[in-house]
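Colleague:
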Amino acid sequence: SVAFSPDGGKIVCASADLNIRIVDASSGAMIGDPMSSDLELIPTSIIAVSTSDNTGIIAISRNTFWLWNSGDNSAIRLFSLIPAESGFRDLTFTLSADGAYIYVGCSDGMIRQYDVSTAEIVKEIDSGSPWGLQSIAVSRDGALIASATVGTGAAIQVWNARTGKPVCQPFRGLSSTVRCLAFSSDGRRIAFGSNDCTVRIWDIHQG
Numbered sequence: 002s003v004a005f006s007p008d009g010g011k012i013v014c015a016s017a018d019l020n021i022r023i024v025d026a027s028s029g030a031m032i033g034d035p036m037s038s039d040l041e042l043i044p045t046s047i048i049a050v051s052t053s054d055n056t057g058i059i060a061i062s063r064n065t066f067w068l069w070n071s072g073d074n075s076a077i078r079l080f081s082l083i084p085a086e087s088g089f090r091d092l093t094f095t096l097s098a099d100g101a102y103i104y105v106g107c108s109d110g111m112i113r114q115y116d117v118s119t120a121e122i123v124k125e126i127d128s129g130s131p132w133g134l135q136s137i138a139v140s141r142d143g144a145l146i147a148s149a150t151v152g153t154g155a156a157i158q159v160w161n162a163r164t165g166k167p168v169c170q171p172f173r174g175l176s177s178t179v180r181c182l183a184f185s186s187d188g189r190r191i192a193f194g195s196n197d198c199t200v201r202i203w204d205i206h207q208g
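Its first residue numbered 2, the sequence shown is counted upward by one per residue in the numbering used here.
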């Protein structure tokens with residue numbers, strides 16, 4: 002799994018050997034030593050790198066997040082977001098640019114915003130999809146959330162992060178499952194990659 006830092010200067014990589022590596026995006030040189038752990042679970046997704054305290058949030062399993070401190074290479078278990086007995090599982094994740102919130106797209110179609118410091122849910126947005134969410138993204142200023150649904154009628158929707166309401170008409174007519182979403186730095190465009198090996202750019206203000 003790979004993720005860019007919010008400022009684009011670093012790349013964080015997680016591999017099956019349980020090592021976490023930070024790479025300079027310009028030179029390709031590794032920054033510091035690999036962060037390793039004796040965890041039995043293989044990292045499945047790197048969410049983001051926080052610009053506030055130079056740490057990374059990594060999803061180790063379906064429901065458990067670990068906070069890695071890249072200063073001393075320590076791994077600290079942060080919290081389990083979704084209880085196993087809840088009947089749904091998380092599908093996709095993203096971290097706010099300031100590292101304060103984790104946004105989780107779930108198989109019940111809900112977008113849940115968690116406070117990193119307390120592990121408490123601070124907001125829920127119902128995407129209306131009974132088949133769940135495949136990918137989500139948050140704009141750099143934290144004002145917008147984009148989500149891609151799966152199943153019949155799959156679409157990309159953009160939400161006001163404060164009110165939980167749509168800010169535009171959804172992007173429909175998807176011919177293949179959307180695997181990843183990313184906002185432009187100004188929040189006006191969304192790039193998304195699909196299973197059909199295409200990358201598209203959508204101007205959310207032009208529809």
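Each residue gets a CB set at the ideal place from its N, CA and C atoms; glycine is no exception.
With a threshold of 16 other CB atoms inside 10 Å of the CB of Pro131, please say whether the residue is buried or exposed.
Modeller: Flag for Pro131 reads exposed.
Colleague: What's the gap between the Cα of Gly9 and the Cα of Asp127?
Modeller: Using only the alpha carbons, I get a separation of about 31 Å.
Colleague: When DSSP builds the beta bridges, which residues end up paired with Glu125?
Modeller: DSSP, once it has assigned bridges, lists Arg113 as partnering Glu125.
Colleague: Measuring straight from C-alpha to C-alpha, what distance separates Thr178 and Gly110?
Modeller: The alpha-carbon atoms of Thr178 and Gly110 are separated by roughly 15 Å.
Colleague: According to DSSP, Asp204 sits in a beta bridge with which residue or residues?
Modeller: Paired residues: Arg190.
Colleague: Give every residue of the same chain whose Cβ lies closer than 6 Å to the Cβ of Asn161, excluding the five residues on either side of it in the sequence, and list them in chain order.
Modeller: Contacts found: Val168.
Colleague: Between Arg163 and the rest of its own chain, which residues show a CB-CB distance below 6 Å, the 5 nearest in sequence each way excluded?
Modeller: So no residue of the chain qualifies.
Colleague: Measure the C-alpha to C-alpha separation of Ile43 and Ala4 and round it to an integer number of angstroms.
Modeller: Low confidence applies here, because Ile43 scores a pLDDT of 49, under 50, leaving its location unreliable; read the following figure in that light. Answer to the nearest angstrom: the Cα atoms are 16 Å apart.
Colleague: How big is the Cα-Cα spacing for Asp187 and Ile205?
Modeller: Cα to Cα, the separation comes out at about 12 Å.
Colleague: Could you tell me how far apart the beta carbons of Ile122 and Gln135 are, in whole angstroms, since I believe they sit closer than 8 Å?
Modeller: With 8 Å as the limit, Ile122 and Gln135 do not qualify as a contact, their Cβ atoms being about 21 Å apart.
Colleague: Go ahead and label Ile202 buried or exposed: buried means 16 or more other beta carbons lie within 10 angstroms of its beta carbon, across all protein chains shown.
Modeller: The residue in question, Ile202, is exposed, as its Cβ has fewer than 16 Cβ neighbours within 10 Å.
Colleague: If you draw a straight line from the alpha carbon of Gly100 to that of Gly174, how long is it in whole angstroms?
Modeller: Rounded to whole angstroms, Gly100 to Gly174 spans 33 Å at the Cα level.
Colleague: Which term fits Thr150, buried or exposed, when burial requires 16 or more other beta carbons within 10 angstroms of its beta carbon?
Modeller: Buried, by the Cβ-count rule.
Colleague: So what's Asn196 in DSSP terms, helix, strand or just coil?
Modeller: Correct three-state label for Asn196: coil.
Colleague: Between the beta-carbon of Phe184 and the beta-carbon of Ser140, is there less than 7 Å?
Modeller: Taking 7 Å as the Cβ cut-off, Phe184 and Ser140 qualify as a contacting pair.
Colleague: Can you list, in chain order, the residues of its chain with a C-beta nearer than 6 Å to that of Gly194? Leave out the 5 residues immediately preceding and following it.
Modeller: Closer than 6 Å at the Cβ level, and outside the excluded window around Gly194, lie Arg180, Cys181, Val200.
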